[in-house]
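Under my numbering, the sequence shown has 35 at position 6, and the numbering climbs by one with no breaks. A short worksheet on the structure shown next.
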Amino acid sequence: MFYILFIILGITILGYVLLDNFQSKIKNNFTRVYPGKVYTESIFYYIVEDDGVILVPKLSSGDKSKHIKLSNINDIRFFKDGKEKSNTDKAVVGAVTFGVPGAIIGSNMKTKKIIKDMGIKIYTDKEVYSLDFVGNGCEEGRAVYRRAAARIDFTYNMLLKYIKKDKDNIEHKEIIDITGQIEKLADLKAKGILTEEEFQNKKTELLERI
């Protein structure tokens, strides 16, 4: 009996050693490709800032051709036990605070329960990416849960920064376009094609779009 227990213990220890070596190899591959970059991680991905946000599948951490550069992010949705909550999109960025580990992840500590999944879904023009931060589940309030909440918060704010950047770029292009249209109207007025009143009316219409 003791011999069997000894074998089981040995196999268990060996399994932990092999798993640790495998995880270390994945991490080393990642840091080799993205040395010194700001990142966090979910169960299956590293999320790294490198001229934008990139999802790095852990099993392909050393192969940059398989890394996913996120662009045109339309929405970020928090999910917990299969239920989604969306507080932001490109139309409202800057007006809404997602409040991740506080208002949304924060739970009633008196009624702890097992959380099956918790994370972020990223909606882009072409794809939806699901980032789970708790894996096989965890109990609310435990250290694993709090670490997951912190990583979700970090990831959300990283993504939000680039959504806002995209929105600002779009607005900047619209302002440049409107300025160009007003200049064309001024040219038409100078040539006598538009009256002063027509010019002012059309200019007001354009400026109201900003």
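Cβ atoms here follow ideal geometry from the backbone N, Cα and C, with glycine treated the same way. All of these numbers come straight from a predicted model, not from anything done at the bench.
Check whether residue i and residue j have beta carbons under 8 Å apart
i: residue 102; j: residue 149; result: no
i: residue 84; j: residue 76; result: yes
i: residue 190; j: residue 166; result: no
i: residue 79; j: residue 66; result: yes
i: residue 147; j: residue 108; result: yes
Nearest-angstrom Cα separation, counted from residue j out to residue i
i: residue 72; j: residue 230; result: 57 Å
i: residue 61; j: residue 97; result: 17 Å
i: residue 58; j: residue 192; result: 28 Å
i: residue 143; j: residue 186; result: 26 Å
i: residue 53; j: residue 235; result: 57 Å
i: residue 228; j: residue 100; result: 39 Å
i: residue 219; j: residue 158; result: 54 Å
i: residue 207; j: residue 214; result: 11 Å
i: residue 113; j: residue 169; result: 18 Å
i: residue 232; j: residue 221; result: 16 Å
i: residue 123; j: residue 188; result: Any reading at residue 123 needs caution, since the residue's pLDDT is 34, under 50, leaving its predicted position unreliable; the model's value is listed next. Roughly 13 Å separates the two Cα atoms.
i: residue 64; j: residue 211; result: 48 Å
i: residue 90; j: residue 70; result: 12 Å
i: residue 132; j: residue 93; result: No answer about residue 132 holds up, because its pLDDT of 44 lies below 50 and its placement is not dependable.
i: residue 176; j: residue 209; result: 50 Å
i: residue 160; j: residue 154; result: 17 Å
i: residue 162; j: residue 156; result: 19 Å
Cβ neighbours of residue i in the same chain (closer than 8 Å, five flanking residues each side left out)
i: residue 152; result: 102, 103, 104, 105 and 106
Local Cβ density within 10 Å of residue i, reported as buried at 16 or more and exposed below that
i: residue 180; result: buried
i: residue 82; result: buried
i: residue 110; result: exposed
i: residue 224; result: exposed
i: residue 216; result: exposed
Presumed contact (8 Å Cβ cut-off) between residue i and residue j, rounded CB distance
i: residue 86; j: residue 74; result: 6 Å
Nonlocal neighbours in the same chain, by C-beta distance under 7 Å from residue i, ignoring five residues either side
i: residue 55; result: 87 and 90
i: residue 171; result: none
Chain D within 8 Å of residue i, Cβ atoms only
i: residue 156; result: Considering every chain present, this structure includes no chain D. It has just one protein chain.
Proximal residues to residue i (C-beta, below 6 Å), its chain only, five neighbours per side dropped
i: residue 173; result: 167
i: residue 164; result: 72
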